[in-house]
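K.L.:
Shown below is the structure under consideration.
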Ligand code: NDP
């Protein structure tokens, strides 16, 4: 294989020092669109991870970050946002090469990341806390304080943006950070830390460790010197984080998987419903936690919907993210590709009908990368694994319902509760139905857009806590009540006989 790509040599940042690991084992990072080696990353040892935690702890206690005024921290966040904008094109290109997504998606991610830093720079300067009228001559009030050392563990589907959803509120609140990106996508993670260093955030505030989640992620989750872990990823690893966090009862914020319903009523704007449903499942090649992977369609339009959805799915242009005209990019890794292909086989064996797709794409030079056709299953039942389990790929199942009650029942027939959508032209029905969908991120007559201002929150096994909005900042803060005596003098509670 001839390669023209420059191979990046990534380093970790521990207590202000960029360094490699003493571990000779390294992680070879490849471009999922063409199989080229694009970076070599160190794999931190347990000791090095502990050093990073120690640096974050000492830096937190030193107050160089936690004791800055909100205005000073906000100024840093604004500088980070400006730098992200300045490096926008470079970051987009790296994100596409690392993750496999199309350029248009990476464009949104990087712009949104800058906007997220600006949002929290503003939010941290708005009024907070509370005061209370209490029974005694006492002024009671609440102030907010940082949690301390935060462990940020991030997945590969939105490597830069998911990191920023955690970094912006964590830094705004005055915490220090130990950051572990996913092994398959460490490149823009490293760039984010470089940017933070470039704008002058004091050393030790942000520490980057690279390596396997099952080794160094475990150390972060279990450490008694880490006060909080904010994790996005699979429900299974979420459970492991929770178990590990029990040791020192650290705070946890978990953003996990989903198998989200998208309900289409017969009275919906048909063209809009088909179009949004396509976006709901095939954006990001379906590797999106909130993907609308279960499309639930009213019986009377079911056949018409399937026909049009399949026609449109077949027309999606799958290709390398940097290639002009690509509408759906690569799958992030060979392992994830195999998982998706296995699920497609399971679906066939379970008796579902494959309405379109189902294959790895290898024509037109795609054979070196990891590409899957947009895939649609019909004739499915609730017990099938392809209906119950998160596939995390471009695979939709289309279910059928008779009436509103059955639509809601099917929608909620899942262990997850991350997202959901409803399409109808009846306003009252739309609100009535969406309020009964047990999920935290919902849409009416749309599927997918998300905003820095609003909380990203999972019900049931989709998570604990929230990202984004004021709720996202709350996660990274403790609340402290302060009671100020307005009539200072002895309480007279215990007798004093003068002896
Ligand atoms: P994981 O949950 O395994 O990985 C997410 C992050 O957690 C990575 O940084 C990973 O490290 C780290 N990690 C892994 N094991 C541990 C551990 N024991 N303790 C602490 N951290 C750990 O997701 P995968 O990448 O394996 O993907 C598997 C499935 O998870 C997907 O198919 C999808 O269903 C779901 N998923 C959901 C996401 C979401 O946004 N909700 C995002 C990504 C995946 P590393 O991988 O580098 O070793």
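Residue numbers (the numbering used here): 2 to 500.
Glycine included, C-beta positions come from ideal geometry on N, C-alpha and C.
Determine the closest residue to residue 348 out of 263, 379, 321 and 112, with distance taken between C-alpha atoms.
P.N.:
Walking along the chain shown from the start, residue 348 turns up at place 347. With distances taken between Cα atoms, residue 348 lies closest to 379.
K.L.:
Rounded to whole angstroms, how far is the Cβ of residue 45 from the Cβ of residue 28, which I believe are closer than 8 angstroms?
P.N.:
As a position in the chain shown, residue 45 is number 44, starting the count at 1. As a position in the chain shown, residue 28 is number 27, starting the count at 1. That belief does not hold up - the Cβ atoms of residue 45 and residue 28 are roughly 10 angstroms apart, past 8 angstroms.
K.L.:
Which one or two residues does DSSP pair with residue 397 in a beta bridge?
P.N.:
Within the chain shown, numbered from 1, the residue matching residue 397 stands at position 396. DSSP output for residue 397 lists 377 as bridge partner(s).
K.L.:
Rounded to whole angstroms, what's the CA-CA distance from residue 436 to residue 395? Just pull it up for me.
P.N.:
Here residue 436 refers to the residue found at position 435 when the chain shown is read from its first residue. Here residue 395 refers to the residue found at position 394 when the chain shown is read from its first residue. The straight-line gap from Cα to Cα measures roughly 27 angstroms.
K.L.:
What is the residue span of the alpha helix (DSSP H) that residue 348 lies within?
P.N.:
The residue given as residue 348 occupies position 347 in the chain shown. Its alpha helix (DSSP H) spans residues 335-351.
K.L.:
Judging by CA-CA distance, which residue of 251, 303, 468 and 236 is the nearest neighbour of residue 230?
P.N.:
Taking the first residue of the chain shown as 1, we reach residue 230 at position 229. Answer by Cα proximity: 251.
K.L.:
Using the C-alpha atoms, what's the distance from residue 77 back to residue 89?
P.N.:
Residue 89 sits at position 88 when you count from the first residue of the chain shown. Residue 77 sits at position 76 when you count from the first residue of the chain shown. Distance between the alpha carbons of residue 89 and residue 77: 18 angstroms.
K.L.:
Specify the secondary structure class of residue 453 as computed by DSSP and reduced to three states.
P.N.:
Here residue 453 refers to the residue found at position 452 when the chain shown is read from its first residue. Looking at residue 453 - three-state DSSP - the assignment turns out to be coil, as it is neither helix nor strand.
K.L.:
Assuming residue 54 and residue 226 form a contact by the criterion Cβ under 8 angstroms, report the distance between their Cβ atoms to the nearest whole angstrom.
P.N.:
To locate residue 54, count along the chain shown from 1; it is residue 53. To locate residue 226, count along the chain shown from 1; it is residue 225. Their Cβ separation, rounded to whole angstroms, is 5 angstroms, which keeps residue 54 and residue 226 in contact under 8 angstroms.
K.L.:
Which value, in whole angstroms, describes the spacing of the CA atoms of residue 244 and residue 427?
P.N.:
Taking the first residue of the chain shown as position 1, residue 244 is located at position 243. Taking the first residue of the chain shown as position 1, residue 427 is located at position 426. Straight-line Cα distance between these residues: approximately 45 angstroms.
K.L.:
Measure from the alpha carbon of residue 109 to the alpha carbon of each residue in 275, 284 and 40, then state which is nearest.
P.N.:
Here the question's residue 109 lines up with position 108 in the chain shown. It is 284.
K.L.:
Let me check one thing: in DSSP terms, what residues is residue 255 bridge-paired to?
P.N.:
As a working mapping, residue 255 is identified with position 254 in the chain shown. Residue 255 is bridged to 232 and 465.
K.L.:
So, residue 459 versus residue 263, is the Cβ gap smaller than 8 angstroms?
P.N.:
Taking the first residue of the chain shown as 1, we reach residue 459 at position 458. Taking the first residue of the chain shown as 1, we reach residue 263 at position 262. Not a contact, by the Cβ cut-off of 8 angstroms.
K.L.:
Within 7 angstroms: the Cβ of residue 238 and any heavy atom of ligand 1?
P.N.:
Walking along the chain shown from the start, residue 238 turns up at place 237. Indeed, a heavy atom of ligand 1 lies less than 7 angstroms from the Cβ.
K.L.:
Could you tell me which of 95, 387 and 34 sits nearest to residue 365, measuring between CA atoms?
P.N.:
Working through the chain shown from its first residue, we reach residue 365 at position 364. Per the Cα distances, 34.
K.L.:
Closest to residue 392 by C-alpha separation, out of 341, 425 and 485, would be which residue?
P.N.:
Position 391 of the chain shown, counted from the first residue, corresponds to residue 392. Nearest C-alpha to residue 392: 341.
K.L.:
What residues are listed by DSSP as bridge partners for residue 71?
P.N.:
For this step, residue 71 is matched to residue 70 along the chain shown. For residue 71, which the question treats as bridged, DSSP gives no partner whatsoever.
K.L.:
Restricting to Cα atoms, I'd like to know which of 376, 339 and 400 is closest to residue 316.
P.N.:
If you number the chain shown from 1, residue 316 lands on position 315. Answer by Cα proximity: 376.
K.L.:
Could you tell me whether any non-hydrogen atom of ligand 1 is closer than 7 angstroms to the CB of residue 219?
P.N.:
Within the chain shown, the letter at position 218 stands for residue 219. Yes; taking the cut-off as 7 angstroms, the Cβ of residue 219 has a heavy atom of ligand 1 nearer than that.
K.L.:
Assuming residue 150 contacts residue 179 under a Cβ cut-off of 8 angstroms, what Cβ separation, rounded to an integer in Å, is found between them?
P.N.:
Position 149 of the chain shown holds residue 150. Position 178 of the chain shown holds residue 179. Going by Cβ atoms, the distance from residue 150 to residue 179 rounds to 7 angstroms, so yes, they are a contact pair.
K.L.:
Between 271, 9 and 116, which lies nearest to residue 186 when the distance is taken from Cα to Cα?
P.N.:
In the chain shown, the residue the question calls residue 186 occupies position 185. If we check each option's Cα against that of residue 186, 9 comes out closest.
K.L.:
Whole beta strand (DSSP E) runs in the region 126-201 with 3 or more residues, listed along the chain?
P.N.:
Runs of the beta strand (DSSP E) inside the region 126-201: 131-134, 139-147, 150-154 and 177-181.
K.L.:
Quick check on this structure: which residue in 176, 200 and 156 has the alpha carbon closest to the alpha carbon of residue 190?
P.N.:
As a position in the chain shown, residue 190 is number 189, starting the count at 1. For the residues 176, 200 and 156, the minimum Cα distance to residue 190 belongs to 156.
K.L.:
DSSP has residue 458 in a bridge; who is on the other side?
P.N.:
Locating residue 458 in the chain shown gives position 457, counting from the first residue. In DSSP, residue 458 forms a bridge with 467.
K.L.:
Is residue 246 near ligand 1, going by C-beta to nearest heavy atom under 7 angstroms?
P.N.:
In the chain shown, residue 246 corresponds to position 245, counting from 1. False, no ligand heavy atom lies under 7 angstroms from that Cβ.
K.L.:
Is any heavy atom of ligand 1 found at a distance shorter than 7 angstroms from the C-beta of residue 191?
P.N.:
Here residue 191 is taken as the residue at index 190 of the chain shown, counted from 1. Outside the cutoff, so no.
K.L.:
Would residue 16 pass as a contact of residue 181 if the rule is Cβ separation under 8 angstroms?
P.N.:
Residue numbering aside, residue 16 sits at position 15 when the chain shown is read from its first letter. Residue numbering aside, residue 181 sits at position 180 when the chain shown is read from its first letter. No, the Cβ-Cβ distance between residue 16 and residue 181 is not below 8 angstroms.
K.L.:
Bridge partners for residue 117 per DSSP, in chain order?
P.N.:
Taking the chain shown and counting its residues from 1, one reaches residue 117 at position 116. Looking at the DSSP assignment, residue 117 forms no beta bridge with any residue, so it has no partner.
K.L.:
Considering only the alpha carbon of each residue, which of 331, 353 and 388 lies closest to residue 363?
P.N.:
Residue mapping note: residue 363 aligns to position 362 of the chain shown, counting from 1. Among 331, 353 and 388, the Cα nearest to that of residue 363 belongs to 331.
K.L.:
Under the assumption that residue 254 contacts residue 476 (Cβ atoms under 8 angstroms), give the Cβ distance between them as a whole number of angstroms.
P.N.:
For this step, residue 254 is matched to residue 253 along the chain shown. For this step, residue 476 is matched to residue 475 along the chain shown. Contact flag correct, Cβ pair sits at about 5 angstroms.
K.L.:
Roughly how many whole angstroms lie between the Cα atoms of residue 60 and residue 453?
P.N.:
Residue mapping note: residue 60 aligns to position 59 of the chain shown, counting from 1. Residue mapping note: residue 453 aligns to position 452 of the chain shown, counting from 1. Answer to the nearest angstrom: the Cα atoms are 28 angstroms apart.
K.L.:
What would DSSP say about residue 250, mapped onto helix, strand or coil?
P.N.:
Sequence index remark: in the chain shown, residue 250 carries index 249 (1-based). Coil, per DSSP.
K.L.:
If you drop the 5 nearest sequence neighbours on each side, which residues of the same chain put their C-beta closer than 7 angstroms to that of residue 470?
P.N.:
Reading the chain shown from its first residue, position 469 is the one you call residue 470. If we look at residue 470 and ignore the five residues flanking it on each side, its Cβ neighbours are 454, 455 and 456.
K.L.:
Nearest-angstrom Cα distance between residue 484 and residue 472?
P.N.:
Here residue 484 is taken as the residue at index 483 of the chain shown, counted from 1. Here residue 472 is taken as the residue at index 471 of the chain shown, counted from 1. Roughly 25 angstroms separates the two Cα atoms.
K.L.:
Whole angstroms are fine: how far does the CA of residue 96 sit from the CA of residue 114?
P.N.:
On the chain shown, residue 114 is found 113 positions in, with the first residue counted as 1. On the chain shown, residue 96 is found 95 positions in, with the first residue counted as 1. For residue 114 and residue 96, the distance between alpha carbons rounds to 13 angstroms.
K.L.:
For residue 292 and residue 278, I'd like the C-alpha separation in whole angstroms.
P.N.:
Taking the first residue of the chain shown as position 1, residue 292 is located at position 291. Taking the first residue of the chain shown as position 1, residue 278 is located at position 277. Taking the straight line from one Cα to the other gives about 9 angstroms.
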